[in-house]
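*Asks:* Numbering (our numbering), first residue to last: 457 to 575.
Have a look at the structure that comes next, please.
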């Protein structure tokens with residue numbers, strides 16, 4: 457009888473540890489995605505800052521699906537602005553997801569009386 461109680465507690469502890477690990481992994485993946493999108497948005501910003509003062513008729517090159525394509529500045533700048541706006545929206549959504557998942561983790565920790573021990 458006593459071994460069943462110990463076994464059930466051990467199983468519950470393992471289940472809590474697995475759930476905690478899943479939360480942490482999800483948060484880490486979201487943080488990684490946020491970093492990638494931030495980096496890409498920063499690259500778009502730098503390119504736009506470089507191209508905007510130039511003449512619209514000037515040649516520039518753009519990589520599209522692995523193919524380098526010759527365009528003019530006036531053709532590329534609107535596409536870059538659209539992409540930059542899209543990246544900003546994606547970044548905002550990812551940050552909201554991260555905060556929501558972090559709130560879920562905190563609620564779960566309070567509900568299950570979890571205290572993280574740093575070693």
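We treat Cβ as the ideally placed atom computed from N, Cα and C, and that holds for glycine.
(1) Measuring CB to CB, does residue 404 end up less than 8 Å from residue 500?
(2) My understanding is that residue 524 touches residue 517, with C-beta atoms under 8 Å, so please give their C-beta distance in whole angstroms.
(3) Note down the Cα distance separating residue 493 from residue 465, rounded to an integer number of angstroms.
(4) Is residue 499 helix, strand or coil by DSSP?
(5) Flag this pair as touching only if the segment 566-575 and the segment 546-554 have three or more C-beta atom pairs under 8 Å; answer yes or no.
(6) Over the uninterrupted beta strand (DSSP E) stretch that includes residue 508, give me the two end residues.
(7) Measuring CB to CB, does residue 512 end up less than 8 Å from residue 530?
(8) How about residue 544 and residue 497: are their beta carbons less than 8 Å apart?
(9) Near residue 495, which residues of its chain fall below 6 Å by C-beta distance, leaving aside the five closest residues on each side in sequence?
(10) Quick one: give me the first and last residue of the alpha helix (DSSP H) that residue 533 is part of.
(11) Please state if the CB of residue 558 and the CB of residue 483 are separated by a distance shorter than 8 Å.
*Replies:* Straight from the coordinates:
(1) Summary: the structure shown does not reach residue 404, with the chain confined to residues 457 through 575, and so no result is reported for it.
(2) 5 Å
(3) 42 Å
(4) helix
(5) no
(6) Taken as a continuous stretch (DSSP letters only), residue 508 belongs to no beta strand (DSSP E), as it is neither H nor E.
(7) yes
(8) yes
(9) none
(10) 529-567
(11) yes
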